[in-house]
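Here is the structure we will look at, set down as structure tokens.
Numbering (my numbering), first residue to last: 193 to 445.
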């Protein structure tokens, strides 16, 4: 089992930590909808929000989901793979830890899943639950990885008249944030380089795809002007953002 790193060092001694509440929706903030909890592994605080809507089967569903991206682990440079199976590793955009503080870390699929790194190149479905996808991965205790069904619930939040634009932050990412999800354009790590900061968000789901003998995984991406959910398939060795959902037995999957 990988252990987390408590390293949250800044790239600059003069860096002022980013106010992570800035991307949040003002109405939800004033209403007290955001709730704070602490990840005991590195004592980082996160905000989450309860969202009620409809799932992919049209059923009413409620989830409690992080309103910001996960940021845990020791930074490795973008040219390297996350191959140390004894600890959690993260990418920070442009190899700058201040970007991890602002946008969250970027993780390869196997790292996100907390599986051996060679699972980025092969079929590892026998190592996690392929029925419900209630997979903890690198999420804090009591939380699990976001699924496509979870994100569908977010998009179809009760009262959200803006579709996917209602999931994006109005703070630099072209959205309305009527859901309170506060999606930011964290970009991605691809082939050792970083791309699309403030222009797109990318995140894996805890499921694999048979492309190139399971060297790929299901994911989503969203640009700052997109109006639809973009389901996609990407190589597992890309580095994407991670969101977590409270592991509640009432969640419909």
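The C-beta atom is built at its ideal place from N, Cα and C for all residues, glycine as well.
Only a predicted model underlies this, so the values are computations on that prediction, with no experimental measurement involved.
Of the residues the options, the one placed nearest residue i, counting alpha carbons only
i: residue 294; options: 398, 284, 427, 336; result: 284
i: residue 391; options: 397, 385, 380; result: 380
i: residue 271; options: 286, 264, 432; result: 286
i: residue 376; options: 327, 344, 432, 336; result: 432
i: residue 460; options: 400, 438, 216, 258; result: Since the first residue of the chain shown is 193 and the last is 445, residue 460 is not available in this structure.
i: residue 362; options: 215, 421, 208; result: 215
i: residue 254; options: 394, 378, 344; result: 344
i: residue 240; options: 249, 228, 430; result: 228
i: residue 302; options: 364, 349, 398, 223; result: 398
i: residue 330; options: 410, 279, 257; result: 279
i: residue 245; options: 438, 350, 411; result: 350
i: residue 437; options: 223, 332, 309; result: 332
i: residue 267; options: 256, 290, 242, 258; result: 290
i: residue 256; options: 372, 408, 275; result: 372
i: residue 407; options: 316, 368, 364; result: 316
i: residue 258; options: 311, 296, 265; result: 296
i: residue 307; options: 292, 288, 274; result: 274
i: residue 243; options: 369, 409, 310; result: 369
i: residue 409; options: 340, 234, 288; result: 340
Euclidean distance between Cα positions of residue i and residue j
i: residue 434; j: residue 338; result: 8 Å
i: residue 236; j: residue 230; result: 6 Å
i: residue 221; j: residue 277; result: 38 Å
i: residue 383; j: residue 324; result: 31 Å
i: residue 402; j: residue 305; result: 17 Å
i: residue 342; j: residue 226; result: 18 Å
i: residue 352; j: residue 238; result: 23 Å
i: residue 252; j: residue 232; result: 32 Å
i: residue 360; j: residue 263; result: 19 Å
i: residue 219; j: residue 413; result: 26 Å
i: residue 426; j: residue 415; result: 16 Å
i: residue 440; j: residue 388; result: 33 Å
i: residue 386; j: residue 335; result: 28 Å
i: residue 424; j: residue 210; result: 31 Å
i: residue 313; j: residue 298; result: 18 Å
i: residue 249; j: residue 208; result: 45 Å
i: residue 346; j: residue 411; result: 16 Å
i: residue 364; j: residue 326; result: 32 Å
i: residue 348; j: residue 393; result: 19 Å
i: residue 311; j: residue 396; result: 14 Å
i: residue 269; j: residue 300; result: 13 Å
i: residue 292; j: residue 366; result: 21 Å
Boundaries (first-last residue) of the beta strand (DSSP E) holding residue i
i: residue 382; result: 380-382
i: residue 336; result: 335-337
i: residue 385; result: 385-387
i: residue 226; result: 226-231
Buried/exposed call for residue i, threshold 16 Cβ in 10 Å
i: residue 405; result: exposed
i: residue 357; result: buried
i: residue 461; result: Outside the shown range of the chain (193 to 445) lies residue 461, about which nothing can therefore be said.
i: residue 212; result: buried
i: residue 422; result: exposed
i: residue 417; result: exposed
i: residue 247; result: buried
i: residue 428; result: buried
i: residue 420; result: exposed
i: residue 261; result: buried
i: residue 430; result: buried
i: residue 282; result: buried
i: residue 217; result: buried
i: residue 223; result: exposed
Residue i - containing alpha helix (DSSP H), residue span
i: residue 400; result: Taken as a continuous stretch (DSSP letters only), residue 400 belongs to no alpha helix (DSSP H), being part of the beta strand (DSSP E) at 392-401.
i: residue 345; result: 340-347
i: residue 222; result: 218-222
> In chain order, which continuous runs of the beta strand (DSSP E) of length 3 or greater are located wholly inside the region 246-318?
Replying inline: 252-258
> What beta strand (DSSP E) runs, 3 residues minimum, are completely inside the region 405-436?
Replying inline: 408-415, 422-427
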